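The listed protein sequences correspond, in order, to chains A and B.
For the first sequence, position 131 (counting from the first letter as 1) is numbered 131 according to the UniProt record's numbering, and the numbering increases by one without interruption.
For the second sequence, position 5 (counting from the first letter as 1) is numbered 5 according to the UniProt record's numbering, and the numbering increases by one without interruption.
We put the CB at the ideal spot given by N, CA and C, even for glycine.
Since the model is a prediction, treat every value here as computed from it, not as a measurement.
Number of protein chains: 2
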Amino acid sequence: MEKKHVGQHISHKFNEEIEDIRNKVLIMGGLVEQQTIDAVEAVVTGNIELAENVVQSDKTVNALEQEIDEDCMLIIAKRQPAAFDLRLLIGISKTITELERTGDQATRIAEMAFKLEDNNRDLSDYRELKHLSELVRHILHDALDAFARLDVENSVEILTRDKEIDQEYVSVFRQLTLSMMEDSRNIKRALNIMSVIRSLERIGDHACNVCDYVIYAVKGADVRHMPEDEIKKTVLGT
Amino acid sequence: MEKKHVGQHISHKFNEEIEDIRNKVLIMGGLVEQQTIDAVEAVVTGNIELAENVVQSDKTVNALEQEIDEDCMLIIAKRQPAAFDLRLLIGISKTITELERTGDQATRIAEMAFKLEDNNRDLSDYRELKHLSELVRHILHDALDAFARLDVENSVEILTRDKEIDQEYVSVFRQLTLSMMEDSRNIKRALNIMSVIRSLERIGDHACNVCDYVIYAVKGADVRHMPEDEIKKTVLGT
C-alpha cells in the first residue's frame, strides 16, 4: 500500500526523507517495545539491572521523539505536502507522542521493580501479570508492524483487541482487591501490582491510538471515537 | 505576542482562519475545564445528574477534537504556512489531544461518582480530594489562559507547579494506603479515591503538556524533556 502512495512522488529526495522519518519511528517503536518487555521481566524476576536499562533507554526515546518531530516540521515547511503525505506526517507526529508515553509507562513499571525489590520479594512470580503482559506485548508489536506496513486491515483488527485487555485488567484488579481484603499484609504488594497493570493497560491504549493514525494516514478517515462496527464499515466497507 | 506574529501575515483571510481554530480550541478547553470541576463536585456531593452531564459532554469534546484537527489539516494543505504559523498549527493539533484526554480523565472521575453512589456514601465529604483538586483545577485554568494569550512566561511558571501536584498526590496516596491497613472495610473506598486522584494527577500532566506546546509555538523551543532550570534559561534567558 505504502509503496504505491510514496511512489507517486516526483521528487525522489522527498521519498527518501519520508522513508528516513519512518525508519526513525520504527527504531523508536522497537525501543519502547523492548522497554515494555524488559520492564515486565524486571518486575517478575527482580532483575534490577534490567530495570535500570529500561530507565536509561527513556532518554534515547525522548531524544528520538524530539528529533522526529523536528524532521516532520522541516519536511512540511520545505515540501508543502498535501493529501496522503501530509496526513502521514501529521500521523507520525502524533504516533511518536503515543510511543513516548508508552516508554514512560514502561519506565514506571521498571521503577516498580526497584520498589518490589525493597519489600521482600514474594514467591508468586507475579503470575497475575502473565496473561495481561502477553496481550499488551502482542498488541504493541502488532501495532508497530501495522505502522511499518501501513496496514489498514490489521489496524482495524488490532483495535478490536483492546476490549480483551480491558477485561483482563478488570479481572486482575478484582483478584488483587480480594487478596487485600483477605489479608491486610497483601495490601502493599497488591497496590504495587495494580500500578503495573494500569501501566500495561495504558500501553494497550497507546498501541490502539497508533492504529487510529495508520488508518487516518492511509484512508483519511478519523476513526478515533467510532464504535467497532462503524470502523469496519467506514474503513473496510464490511 | 500573538498579535504581532499573526499581524505579519499578508492574508487577512488566513488570520481569520487561524483565529477561528484558536477560538474552537478555547471552547474545547472551557468544556474540559468545566468537566473537571463538575466531575470532582459530583464525587464529593454525590450529585449523579452532574456526573451524567460530564459523561454526556465527552461527545462534544471528542467531536471538537476531530473538527479542529480537520481544520488544521486543511489550513496547512491550503496555506502552506511556515515558521510560527506552522508551529502554532502543529502545536494546536497536539494540544487538542491533551484536552481530549483531559476530558477522558474527567469522565473517569464522573463514572466513579456512580460507583461511590452504589456503595454507601460516607460522611467524609472526600476531604482527601480537596487540596489536590484545587491545584489541578488552577493549573488547567492557567494553562488554557496561557494558550489563549500565547503567554510564554506564564507557561514556564505553570510547568514548575507540576511538582506540587505530584507531591500532593503521593501524600494522599499514602494516607489512603494507611487507612486500608488500619481497617479492611476502608479498602474499596480508598481504591475508588485512588482512581480519582490518579486522574487528577494526569490532568495536571496534560495541562503542563499544553504549556510545552505554547512555548514551542512562540519560541520554537522544544522543552518537553528539559529540567526546570534549563527551561528557564532557554526560554526566558534567566
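Mind checking residue i: buried by the 16 CB within 10 Å criterion, or exposed?
i: P227(A); result: exposed
i: H206(A); result: buried
i: Q35(A); result: buried
i: L178(A); result: exposed
i: E16(B); result: exposed
i: A42(A); result: buried
i: L191(B); result: buried
i: S11(B); result: exposed
i: N23(B); result: exposed
i: G29(B); result: buried
i: K13(A); result: exposed
i: K233(A); result: exposed
i: S124(B); result: exposed
i: D222(B); result: buried
i: L74(B); result: exposed
i: D69(B); result: buried
i: E230(A); result: exposed
Residues of chain A with CB under 8 Å from residue i, in chain order?
i: K94(B); result: S93, K94 and T97
Name the chain A residues that come within less than 9 Å of residue i, Cβ to Cβ?
i: N62(B); result: R224 and H225
i: Q66(B); result: D222, R224 and H225
With C-beta atoms as the reference, is residue i less than 7 Å away from residue j?
i: S133(B); j: V25(B); result: no
i: L99(A); j: V156(A); result: no
i: D48(B); j: E111(B); result: The sequence as given places Ile at residue 48(B); Asp does not occur at that position. Cβ distance not < 7 Å, so I48(B) and E111(B) don't count as in contact.
i: G204(A); j: D162(A); result: yes
i: D71(A); j: I27(A); result: no
i: D38(B); j: V54(B); result: yes
i: A77(B); j: A77(A); result: no
i: L159(B); j: C211(B); result: yes
i: I18(B); j: E65(B); result: no
i: F147(B); j: V214(B); result: yes
i: R137(B); j: S199(B); result: no
i: A143(A); j: A51(A); result: no
i: L176(A); j: I193(A); result: yes
Any heavy atom of the ligand PLP within a distance shorter than 6 Å of the CB on residue i?
i: T95(B); result: Summarising the ligand content, the structure contains no ligands, and the ligand PLP is consequently not present.
Using a Cβ cut-off of 9 Å, pull out every chain B residue sitting near residue i, in sequence order please.
i: I187(A); result: T177, M180, M181, S184 and I187
Given that residue i touches chain B, what residues does it touch there, using C-beta distances under 8 Å?
i: L132(A); result: Within 8 Å Cβ-Cβ: nothing; L132(A) doesn't reach chain B, min ~18 Å.
With a threshold of 7 Å between beta carbons, is residue i in contact with chain D?
i: M112(B); result: Note that chain D does not occur in the displayed structure, where the protein chains are A and B.
At a CB-CB cut-off below 7 Å, which residues of chain A make contact with residue i?
i: I90(B); result: M73 and S93
Name the chain B residues that come within less than 7 Å of residue i, Cβ to Cβ?
i: T191(A); result: Reading off the sequence shown, one finds Leu at residue 191(A), where the question assumed Thr. Within 7 Å Cβ-Cβ: T177.
Validate contact between the stretch 178 to 186 of chain A and the stretch 143 to 153 of chain A using beta carbons, cut 8 Å, 3 pairs = no
| field | Touch test, the stretch 97 to 109 of chain B against the stretch 164 to 171 of chain B, Cβ-Cβ under 8 Å, three pairs minimum | value | no
Compile a chain-ordered list of the residues in the stretch 69 to 88 of chain B whose CB is closer than 9 Å to at least one CB of chain A.
-> D69, E70, C72, M73, I76, A77, K78, Q80, P81, A82, A83, L86 and R87
#### Entry: contact_flag[the stretch 81 to 100 of chain A, the stretch 214 to 223 of chain A] where n(CB pairs < 8 Å) is 3 or more
yes
Notebook entry, point to check: Contact between the stretch 127 to 146 of chain B and the stretch 51 to 61 of chain B: three or more CB pairs below 8 Å?
Noted result: no
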